[in-house]
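Trainee: Numbering (full-length UniProt numbering), first residue to last: 1 to 618.
The C-beta atom is built at its ideal place from N, Cα and C for all residues, glycine as well.
Computed from a predicted model, the values in this text were never measured in an experiment.
Dropping a structure here in structure tokens format, bear with me for questions.
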């Protein structure tokens, strides 16, 4: 039997409708950007297409890997430097990527524009595909009306069998039923092959996840910061198109990497990992607490109950006022982590050797030496997990954004932030952190995303940091400009030189674990008790009332969100809110992730409960 799914690539010259055909075949599973302009699609887009068709009265379901490619000119294009808004340099790189797509394909869908007829470029592409000996079908697109009957005969000059020539209208969604039915038959035939040769079994790394996907990571940054180079480096293949021209990436490009999580894999057993699904549990817990002065703390197996003396502190509820929600914004200044020296042994490959795995476990932040496991046992339980990595288009200042394509690119990049768990923010170290960088990082933190700052191209500043004094001054200036580096890790890398990439992988793994960590209720309450007793504060406009946290509970992880039952929920000084958040960070190692605190009083909760009861009674 075949060891992988069949790969089908869509090939053709620019603007013949390849991406529209890709979207039609994928249905709503994936959408590539389309526009009536050559060069919109530049990178290869992979999608997992599920085909469910009935053939001769029997239902079949097959999975096919579909690849959309950029416009393909087989021969190299001469570049005119005087041409305005010249995209010709992209076509030469796109041609290389299209050839890679053909090489890894089991079937090629060669798309032509029936309205324009057979062009010399089409003949050249057809000849190239024939030279690879790959099976292919001719897809005659833009066959929109019956008046075009007969136009297809022009393409008979390519010397193809009529059974391998199909007419479609991607714009009007016509002709795709026959294509899908034939793809199912082709996929069934492919799957029934007993053995694949080494060459035919090749599929570029990072196209499909090898393990359960436990997190989504977006690579964000300004144009030409090295985002696509980093994706290729992490995946270990030429997944994204790279050039020195700003704006090369248009659509988000996905890839997958695998990380070894060791014992921490247990908390990542599900992609959807909330701590509580709704408010019912909290409300029931509060009722029990109000009635008995006690609370059920059996939220996790490792939970430790509060002592009787600690429980008494939470018994009485005081008066309340309107509550507020506080997002995290730390001003604490902590030295940025990461070194400017390079580990030349880093390869950036997908998998560690056994020796490297042992090393990773031994230096793990959460696993002391006595917890290091034997590799023989580790093989019995799969503790590798896949991470989805999304390369995005560079985002310029809004007033500089021009045209439909760049506007859509920015929108899709911002959407990638929303859909991610962790943001790798790329900064060109030769330029430093700009105002636009700070704004984009603020957006990521406001959306509750964990953040790792990647200072790229650091190899270009070797001379600058040859002097230790200059290095410290540069780092200090960076910290002064960006106060949130106190809780966001700074990783210095060179994506082009493939340096410090394993260090970045370790930071990414640590961040994912921290983001999904569940903090025991007992330990959480003891932390807040210690913080408020160590540094008490008077609530504003209360005639000297001291702020007290009576009970705290973790509402959810990803990102960590905590509900605090307090005697006051308004008038709490901003610096004191930051003090509580930073205290949580230090106590539970909440690095690289925003922390949300929700302050509520007993009256706030009672009002909310009454609203819910009233709504349910309807």
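Comparing alpha-carbon positions, which option in 190, 233, 191 and 163 lies nearest residue 179?
Mentor: Per the Cα distances, 163.
Trainee: Under three-state DSSP, which class holds residue 147?
Mentor: Reduced to three states, the DSSP call for residue 147 is helix.
Trainee: Check whether the Cβ atoms of residue 418 and residue 447 sit closer than 8 Å, and answer yes or no.
Mentor: Yes, the Cβ-Cβ distance between residue 418 and residue 447 is below 8 Å.
Trainee: Thinking residue 456 and residue 428 are a contact (beta carbons under 8 Å), I'd like their distance in whole angstroms, please.
Mentor: 6 Å between Cβ atoms; contact.
Trainee: Could you give the distance in angstroms between the alpha-carbon of residue 595 and the alpha-carbon of residue 560?
Mentor: Distance between the alpha carbons of residue 595 and residue 560: 5 Å.
Trainee: Starting from residue 156, follow the alpha helix (DSSP H) in both directions and report where the run begins and ends.
Mentor: No alpha helix (DSSP H) holds residue 156; DSSP gives it neither H nor E.
Trainee: Which same chain residues end up closer than 7 Å to residue 24 when comparing Cβ atoms and leaving out the 5 residues on each side of it in sequence?
Mentor: The answer, listed in chain order, is 170, 173 and 176.
Trainee: For the beta strand (DSSP E) containing residue 220, name the first residue and the last one.
Mentor: Element bounds for residue 220: 213 to 221.
Trainee: According to DSSP, is residue 105 helix, strand or coil?
Mentor: In the structure shown, residue 105 sits in coil (DSSP, three-state: anything other than H, G, I, E or B).
Trainee: Does DSSP put residue 328 in a helix, in a strand, or in coil?
Mentor: Legend: pLDDT at residue 328 = 36, less than 50; position of this residue unreliable, no value from coordinates given.
Trainee: Given a threshold of 16 other Cβ atoms within 10 Å of its Cβ, counted over all protein chains shown, does residue 68 qualify as buried or as exposed?
Mentor: Residue 68 comes out buried.
Trainee: Going by CA-CA distance only, name the one from 424, 482 and 537 that's closest to residue 434.
Mentor: It is 482.
Trainee: For residue 468, name the three-state secondary structure that DSSP assigns.
Mentor: Of the three classes helix, strand and coil, the one that applies to residue 468 here is helix, per DSSP.
Trainee: Between the C-alpha atoms of residue 10 and residue 110, what's the straight-line distance to the nearest angstrom?
Mentor: Residue 10 and residue 110: Cα-Cα distance of roughly 6 Å.
Trainee: My assumption, with CB atoms under 8 Å, is that residue 65 sits in contact with residue 207. Please give the rounded CB distance.
Mentor: With 8 Å as the limit, residue 65 and residue 207 qualify as a contact, their Cβ atoms being about 7 Å apart.
Trainee: Are there three or more Cβ pairs, one per stretch, closer than 8 Å when the region 488 to 500 is compared with the region 520 to 533?
Mentor: They do not touch, by the three-pair rule.
Trainee: So which of 131, 148 and 152 has the shortest CA-CA distance to residue 138?
Mentor: Out of 131, 148 and 152, 152 has the C-alpha closest to the C-alpha of residue 138.
Trainee: How about the region 532 to 549 and the region 562 to 577: do they share at least three Cβ pairs that are nearer than 8 Å?
Mentor: The answer is yes - the region 562 to 577 touches the region 532 to 549, with three or more Cβ pairs under 8 Å.
Trainee: Do the region 507 to 515 and the region 585 to 594 touch if we need at least three Cβ pairs shorter than 8 Å?
Mentor: Yes, the region 507 to 515 is in contact with the region 585 to 594.
Trainee: Identify, in the order they occur along the chain, each residue of the same chain with its Cβ nearer than 8 Å to the Cβ of residue 118, setting aside the five sequence neighbours on each side.
Mentor: Correct list, in chain order: 112, 154, 155, 157 and 158.
Trainee: Please confirm whether residue 515 and residue 421 have their CB atoms less than 8 Å apart.
Mentor: Going by C-beta atoms, residue 515 is nearer than 8 Å to residue 421.
Trainee: For residue 15 and residue 102, I'd like the C-alpha separation in whole angstroms.
Mentor: Computed Cα separation, rounded: 19 Å.
Trainee: Starting from residue 233, follow the alpha helix (DSSP H) in both directions and report where the run begins and ends.
Mentor: Residues 227 to 235.
Trainee: Is the CB-CB distance between residue 424 and residue 454 below 8 Å?
Mentor: Against a cut-off of 8 Å, the Cβ pair of residue 454 and residue 424 comes out as a contact.
Trainee: Cβ of residue 445 within 8 Å of Cβ of residue 451?
Mentor: In this structure, residue 451 lies closer than 8 Å to residue 445 by Cβ.
Trainee: Where does residue 255 fall in DSSP's three states?
Mentor: Strand at residue 255.
Trainee: Are residue 222 and residue 437 closer than 8 Å when you measure CB to CB?
Mentor: For residue 222 and residue 437, yes; Cβs fall inside 8 Å.
Trainee: Would you check if the distance between the CB atom of residue 495 and the CB atom of residue 233 is smaller than 8 Å?
Mentor: Contact flag set, yes.
Trainee: With a Cβ-Cβ cutoff of 8 Å, do residue 416 and residue 209 count as a contact?
Mentor: No, the pair does not count as a contact, with Cβ atoms beyond the cut-off.
Trainee: Under three-state DSSP, which class holds residue 582?
Mentor: Here residue 582 sits in helix by DSSP.
Trainee: Three-state secondary structure (DSSP) at residue 592?
Mentor: Three-state DSSP puts residue 592 in coil, outside helix and strand.
Trainee: By Cβ distance, which residues of its chain are closer than 6 Å to residue 540, with the 5 residues on each side in sequence left out?
Mentor: Here the set comprises 571.
Trainee: With a CB to CB cut of under 6 Å and the five nearest residues on each side skipped, what residues in its chain are close to residue 44?
Mentor: Once the five neighbours on either side are set aside, the close Cβ partners of residue 44 are 67, 69, 97 and 101.
Trainee: Can you give me the C-alpha to C-alpha distance between residue 580 and residue 563, rounded to a whole angstrom?
Mentor: Each residue's alpha carbon lies about 13 Å from the other.
Trainee: What is the rounded straight-line gap between the Cα of residue 62 and the Cα of residue 106?
Mentor: Taking the straight line joining both Cα atoms gives about 15 Å.
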